[in-house]
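Residue numbers (numbering that gives the first Met the number 0): 0 to 282.
First comes the structure, then the notes that go with it.
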Amino acid sequence: MTDPVDDVVATIARSAAEIRQGLVGRRGKADEENPSGELQAEADVWADDLLADRLSSIDGVGQYASEERSEIIDGGDEKVYVAVDPLDGSSNLQSNNTMGTVFGIYDEPLPAPGSALVASGWILYGPITTMAYARDGVVTKYELTGGERTVVEDDVTLPDDPLVYGFGGRVPHWTEGFREFAREVESDPSHKLRYGGAMIGDVNQVLTYGGIFAYPALEDSPRGKLRLQFECNPIAYLIEAADGRSSDGTQSILEVEPTDLHDRVPLHVGNAALIDRLEDVLE
Ligand code: P6P
0 MTDPVDDVVA
10 TIARSAAEIR
20 QGLVGRRGKA
30 DEENPSGELQ
40 AEADVWADDL
50 LADRLSSIDG
60 VGQYASEERS
70 EIIDGGDEKV
80 YVAVDPLDGS
90 SNLQSNNTMG
100 TVFGIYDEPL
110 PAPGSALVAS
120 GWILYGPITT
130 MAYARDGVVT
140 KYELTGGERT
150 VVEDDVTLPD
160 DPLVYGFGGR
170 VPHWTEGFRE
180 FAREVESDPS
190 HKLRYGGAMI
200 GDVNQVLTYG
210 GIFAYPALED
220 SPRGKLRLQF
230 ECNPIAYLIE
240 AADGRSSDGT
250 QSILEVEPTD
260 LHDRVPLHVG
270 NAALIDRLED
280 VLE
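Here is the structure:
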């Protein structure tokens, strides 16, 4: 039997070109909401169906779960458990800005803590299609063309000096503690704002240039917006493998114990010193 982790990642990478092409003509809104109560894009539903069919049928896959569906698909085997955000940032479709596919591969049934991840990564549909992938503490970057993938950088780590920052949520809804931290970051002339409205595009800039991304707890939404299983765990796993840090405000995202498949969690990832400072400020 081949390694189910390799098979899952290879299938997602091979599907990227088809997903990218399939965005054309699917930029409208479906008349359904996802389990988080967000109106789905046609492309959300289509990409989810495509990945669900392909990933749940791989030997060794025990479950397929996604941000776009309330129920878990049983794969029948018991080796790995796959959680996917099929199209993170699909709201960017209308403005033709970057979006991506985020995936986490766990070795425990879902919902599972991030400490149960064995691999994670994301596909970015930018000017070109790329993949960032973490396994066994090592991050690799690929370029994807026509179902093939080419390594463009291996053993990737965050640049030492933080350059970019991107903070989500409406500023008037930030907590006082996060507002204090944000002002510190913004007032440092060595930093510059990069916020594109798709977490995965913003996180990929942090991986590339160094810095910090956050979608914090908000006064009107104390658990923030982003989902633990499908977005925050996979992102935290990769960024920590790249010598960065993650935090829900008090601890590594990977230590957060889930209570529900669609739990949200405040997300802060990137430069370790900035994340340490954030936790001090929020204490
Ligand atoms: P807001 C995209 O819809 C998403 O889930 C993330 O990719 C992104 O970071 C966030 O929502 C943007 O949220 O509140 O800025 O529109």
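Note that the Cβ used here is the ideal one computed from N, Cα and C, for glycine as well.
Hey, quick one: how far does the alpha helix (DSSP H) through Pro161 stretch, first residue to last?
Run containing Pro161: none; DSSP gives neither H nor E here.
Classify Ile127 as buried or exposed, calling it buried when 16 or more other Cβ atoms lie within 10 Å of its own Cβ.
That one is exposed.
Would you mind reading off the limits of the beta strand (DSSP E) that contains Leu38?
Leu38 to Ala40
Among the candidates Thr1, Ser65 and Gly103, whose CA atom is the shortest distance from the CA of Ala118?
For Ala118, the nearest C-alpha among the options comes from Gly103.
Out of curiosity, what's the CA-to-CA distance linking Ser56 and Ser220?
37 Å
Looking at Val268: is its Cβ nearer than 8 Å to the Cβ of Ser251?
no
Per the DSSP calculation, His267 is bridged to which residue(s)?
Ala213 and Ser246
How would you write the range of the beta strand (DSSP E) that Gly103 sits in, first residue to last?
Met98 to Tyr105
At a cut-off of 7 Å, would you count Asp87 as near the ligand P6P, judging by its Cβ distance to the nearest heavy atom?
For Asp87, the shortest separation between its Cβ and any heavy atom of the ligand P6P lies below 7 Å.
With H, G and I counted as helix, E and B as strand and the rest as coil, what does DSSP make of Met130?
strand
Nearest to Asp58 by CA position, among Asp6, Asn91, Arg182 and Ile234, is which residue?
Asp6
Is the closest heavy atom of the ligand P6P to the C-beta of Lys28 under 7 Å?
no
Just verifying my parser: in three-state terms, what is the DSSP assignment at Gln62?
Three-state result, Gln62: strand.
Let me know if Asn95 comes out buried or exposed under the rule of 16 or more other beta-carbons within 10 Å of its beta-carbon.
exposed
At the level of alpha carbons, what is the spacing between His190 and Ser69?
39 Å
From Ala12 to Lys140, what does the alpha carbon distance come to, in whole angstroms?
12 Å
Excluding sequence positions up to five away, which residues of its chain have a Cβ less than 7 Å from the Cβ of Asp47?
Closer than 7 Å at Cβ, skipping near neighbours: Ser65, Glu67, Arg68 and Pro85.
Using the Cα positions of Asp124 and Asp275, report the straight-line distance between them to the nearest angstrom.
According to the sequence shown, residue 124 is Tyr rather than Asp. The C-alpha of Tyr124 lies about 31 Å from the C-alpha of Asp275.
When every heavy atom of the ligand P6P is checked, does at least one fall within less than 7 Å of the C-beta of Tyr214?
yes
Counting along the chain, where does the alpha helix (DSSP H) carrying Tyr236 start and finish?
For Tyr236, the uninterrupted alpha helix (DSSP H) segment begins and ends at Asn232 to Ala240.
Quick check: the region 173-187 against the region 196-206, are at least 3 beta-carbon pairs closer than 8 Å?
no
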